[in-house]
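Visitor: Quick note on numbering: the first sequence equals residues 12 to 320 in this note's numbering. Each residue gets a CB set at the ideal place from its N, CA and C atoms; glycine is no exception. All values reported here derive from a predicted model rather than from experimental measurement. Let me give you the structure first, and then I'll get to my questions.
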Amino acid sequence: MVFGLAAPRDFVLKRDVCSYGYFLLAPNRWLPREGALERVFSASGRVVTARVTQARRGGELKVALSRSVSKSERERIGAGLSRMLRLDEDAAHVRAFHTLDPRWKASGRARLFRSPTFFEDVIKTVTSCNVTWPSTIQMNRRLCEVVGGGAFPSADQLARTRVQTLRARCRVGYRDARIVELSRMVARGEVDPGWFEDPGRSDEEVRAALMELPGIGPYAANNILQLLGRYAHIPLDTESVRHGRAVLGLTGSAASVMKKVRAHFAPFGSQMFRSYWFEMWAHYEKKAGPSWTWETERTAKTFTASGMK
DNA sequence: GGTAGACCTGGACGC
DNA sequence: GCGTCCAGGTCTACC
């Protein structure tokens with residue numbers, strides 16, 4: 012079963028998929044040789060794999076499903092892929108970023124890969140806190156295998172999962188209770204993804220609400236903001252400190268380097284995160300080659316703050 | 001408002 | 001093969 016998805020005229024699949032680490036996390040799979048993105052979805056209780064390819068820049072995306080699904084399921088998968096690839100960020104939106112930071116005009120870098128749902132972005136962010144990258148890869152792989160049956164688990168599925176199961180089988184450590192509680196809040200409707208996705212709300216309003224969620228601190232809240240398309244905050248972590256020291260030549264304690272990194276990127280205002288991120292990404296690519304050649308297992312061995320020094 | 005220490009996992013290292 | 005150390009944000013208690 013094959014269907015098409017219209018892409019913005021500047022859209023390049025390999026560049027725009029391989030723009031943020033989540034493209035390496037289950038149930039996503041980037042195939043470097045084929046230049047294709049594979050993603051497992053759940054449809055009517057069964058898994059289905061979507062394979063996305065693009066023949067030329069700006070051309071329609073071809074989505075091949077591993078089995079047939081209903082029209083409504085196909086539309087849901089299409090909407091999920093559109094969110095992941097930020098197809099709503101058109102060429103004019105990209106130009107606005109490049110006007111503020113022309114360094115990325117030549118490469119066209121602007122879109123940042125994300126998940127098909129707000130819920131998955133939140134859980135993925137929790138699995139990236141206080142762990143090295145290989146553990147984040149493992150946690151997402153096991154959440155999909157153990158709870159989601161191959162796909163990323165829904166809020167309902169995770170809400171019904173025992174805390175002990177998450178710890179013992181998914182190896183999420185002390186994040187177990189936080190993940191279950193978060194999932195229950197979404198499953199019960201206490202946390203409404205639509206509220207967070209509403210562009211009418213201010214950054215500060217959304218950030219404050221995120222900080223109320225279990226397992227979400229300043230770093231995670233700022234990261235979820237960028238995943239929501241709000242780029243005026245930087246999730247400062249040990250990577251920021253490494254980048255500040257190694258690339259920007261900043262000195263001092265970790266806390267003072269973080270403050271200096273924030274001040275360094277402040278002139279980019281509403282686009283601060285993207286300027287920061289693509290600068291770091293360029294540094295990774297300098298070390299490890301173009302991101303669309305990366306394979307999950309290789310990044311698991313090299314992508315840590317200490318490993319990228 | 002700022003800070004110390006606990007929370008888990010997995011990899012690196014020394015023996 | 002075993003023990004120890006370390007990296008990595010959030011949360012709570014305390015000053």
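(1) Applying the 10 Å Cβ sphere with the 16-neighbour rule, what's the burial state of Tyr31?
(2) Kindly list the residues whose CB is nearer than 8 Å to the CB of Leu42, restricted to its own chain and excluding five residues on each side of it in sequence; keep chain order.
(3) Check the DSSP bridge columns for Ser53 and list the partner residues they point to.
(4) Between the C-alpha atoms of Pro225 and Arg218, what's the straight-line distance to the nearest angstrom?
(5) Whose CA, out of Pro246, Cys140, Asn233 and Lys297, lies closest to the CA of Gly184?
(6) Classify Lys297 as buried or exposed, calling it buried when 16 or more other Cβ atoms lie within 10 Å of its own Cβ.
(7) Roughly how many angstroms lie between the CA atoms of Cys181 and Tyr33, to the nearest whole one?
(8) What does DSSP give as the partner residue(s) for Leu193 in the beta ladder?
(9) Closest to Asn39 by CA distance: which of Ile245, Met12, Cys155 and Ser286 is it?
(10) Looking only at C-alpha atoms, which of Arg171, Ser55, Gln65 and Asp112 sits nearest to Leu96?
(11) Could you give the first and the last residue of the continuous beta strand (DSSP E) run that contains Gly15?
(12) What runs of the alpha helix (DSSP H), each 4 residues or longer, lie entirely inside the segment 192–254?
(13) Quick check on DSSP: helix, strand or coil for Val28?
(14) If contacts are defined as beta-carbon pairs under 8 Å, then Trp288 and Leu123 qualify, I think. What distance do you get, rounded to the angstrom?
(15) Distance check for Gln168 and Lys116, CA to CA, integer angstroms please.
(16) Have a look at Gly69 and Gly119 and give me their C-alpha separation to the nearest angstrom.
(17) Please look up how many angstroms separate the CB atoms of Val272 and Ser286, rounded, as I've assumed it's under 8 Å.
(18) Would you identify the three-state DSSP class for Gly160, choosing helix, strand or coil?
(19) Nearest by alpha-carbon distance to Gly89: which of Arg57, Arg106 and Thr128 is it?
(20) Give every residue of the same chain whose Cβ lies closer than 6 Å to the Cβ of Ile148, excluding the five residues on either side of it in the sequence, and list them in chain order.
(21) Distance, Cα to Cα, Ala102 vs Arg178?
(22) Distance check for Ile134 and Glu308, CA to CA, integer angstroms please.
(23) How long is the line joining the alpha carbons of Val51 and Glu45, rounded to whole angstroms?
(24) Could I get the ranges of all uninterrupted alpha helix (DSSP H) runs contained in the segment 114–141, with 4 residues as the minimum, in chain order?
(25) For Gln175, which residues from the same chain have a beta carbon less than 8 Å from its beta carbon, with the 5 sequence-adjacent residues on both sides left out?
(26) Which runs of the alpha helix (DSSP H) fall wholly inside the segment 67–117 and span at least 4 residues, in chain order?
(27) Looking only at its own chain, which residues have a Cβ that is under 8 Å from the Cβ of Val268, when we skip the five neighbours before and after it?
(28) Please report the straight-line C-alpha distance between Glu216 and Trp305, rounded to a whole angstrom.
(29) Please name the residue, chosen from Glu290, Tyr242, Leu238 and Asn233, that lies closest to Asp248 on a Cα-to-Cα basis.
(30) Just how far apart, CA to CA, sit Gln237 and Val142?
Guide: Straight from the coordinates:
(1) Position 20 of the first sequence, counted from the first residue, corresponds to residue 31. Classification of Tyr31: buried, given that the 10 Å Cβ count is 16 or more.
(2) Start at 1 with the first residue of the first sequence, and residue 42 comes out as number 31. For Leu42, where only same-chain residues beyond five positions count, the Cβ hits under 8 Å are Leu48 and Glu49.
(3) The sequence position of residue 53 within the first sequence is 42, counting from 1. Val58, per the DSSP bridge assignment.
(4) Counting from 1 along the first sequence, the entry for residue 225 is found at position 214. Counting from 1 along the first sequence, the entry for residue 218 is found at position 207. Cα to Cα, the separation comes out at about 13 Å.
(5) As a working note, residue 184 is residue 173 in the first sequence. Out of Pro246, Cys140, Asn233 and Lys297, Cys140 has the C-alpha closest to the C-alpha of Gly184.
(6) Locating residue 297 in the first sequence gives position 286, where the first residue counts as 1. Exposed.
(7) For this step, residue 181 is matched to residue 170 along the first sequence. For this step, residue 33 is matched to residue 22 along the first sequence. Those two C-alpha atoms are separated by around 18 Å.
(8) Numbered from its first residue, the first sequence carries residue 193 at position 182. Answer is none; Leu193 lacks a bridge partner.
(9) As a working mapping, residue 39 is identified with position 28 in the first sequence. Nearest option by C-alpha distance: Cys155.
(10) Counting from one through the first sequence, the residue named residue 96 turns up at place 85. The shortest C-alpha separation from Leu96 is found at Gln65.
(11) Start at 1 with the first residue of the first sequence, and residue 15 comes out as number 4. Gly15 -> beta strand (DSSP E) spans Val13 to Leu16.
(12) 204–208, 214–222 and 229–238
(13) Here residue 28 refers to the residue found at position 17 of the first sequence. If DSSP states are grouped into helix, strand and coil, Val28 belongs with the helices.
(14) Counting from 1 along the first sequence, the entry for residue 288 is found at position 277. Counting from 1 along the first sequence, the entry for residue 123 is found at position 112. About 7 Å; that satisfies the 8 Å criterion.
(15) Working through the first sequence from its first residue, we reach residue 116 at position 105. Working through the first sequence from its first residue, we reach residue 168 at position 157. Their Cα atoms are separated by approximately 42 Å.
(16) If you number the first sequence from 1, residue 69 lands on position 58. If you number the first sequence from 1, residue 119 lands on position 108. Going from the Cα of Gly69 to the Cα of Gly119 covers about 12 Å.
(17) In the first sequence, counting from the first residue as 1, residue 272 sits at position 261. In the first sequence, counting from the first residue as 1, residue 286 sits at position 275. Not quite, the Cβ-Cβ distance comes to about 11 Å (not below 8 Å), so this is no contact.
(18) Within the first sequence, numbered from 1, the residue matching residue 160 stands at position 149. Note: Gly160 maps to strand in three-state DSSP.
(19) To locate residue 89, count along the first sequence from 1; it is residue 78. Per the Cα distances, Thr128.
(20) Position 137 of the first sequence, counting from 1, holds the residue named residue 148. Correct list, in chain order: Ala311.
(21) One-based indexing of the first sequence puts residue 102 at position 91. One-based indexing of the first sequence puts residue 178 at position 167. Spanning the two alpha carbons is a distance of roughly 44 Å.
(22) Here the question's residue 308 lines up with position 297 in the first sequence. Here the question's residue 134 lines up with position 123 in the first sequence. Looking at the two C-alpha atoms, the distance is approximately 21 Å.
(23) Your numbering for residue 51 matches position 40 in the first sequence. Your numbering for residue 45 matches position 34 in the first sequence. If I take the Cα positions, the gap works out to 17 Å.
(24) 129–137
(25) Taking the first residue of the first sequence as 1, we reach residue 175 at position 164. So the list reads Asp187, once near-sequence residues are dropped.
(26) 82–96 and 102–111
(27) Counting from one through the first sequence, the residue named residue 268 turns up at place 257. Closer than 8 Å at the Cβ level, and outside the excluded window around Val268, lie Ser251, Val252, Gly255, Arg256, Leu261 and Thr262.
(28) Working through the first sequence from its first residue, we reach residue 216 at position 205. Working through the first sequence from its first residue, we reach residue 305 at position 294. For Glu216 and Trp305, the distance between alpha carbons rounds to 37 Å.
(29) Here residue 248 refers to the residue found at position 237 of the first sequence. Nearest C-alpha to Asp248: Asn233.
(30) Reading the first sequence from its first residue, position 226 is the one you call residue 237. Reading the first sequence from its first residue, position 131 is the one you call residue 142. Straight-line Cα distance between these residues: approximately 20 Å.
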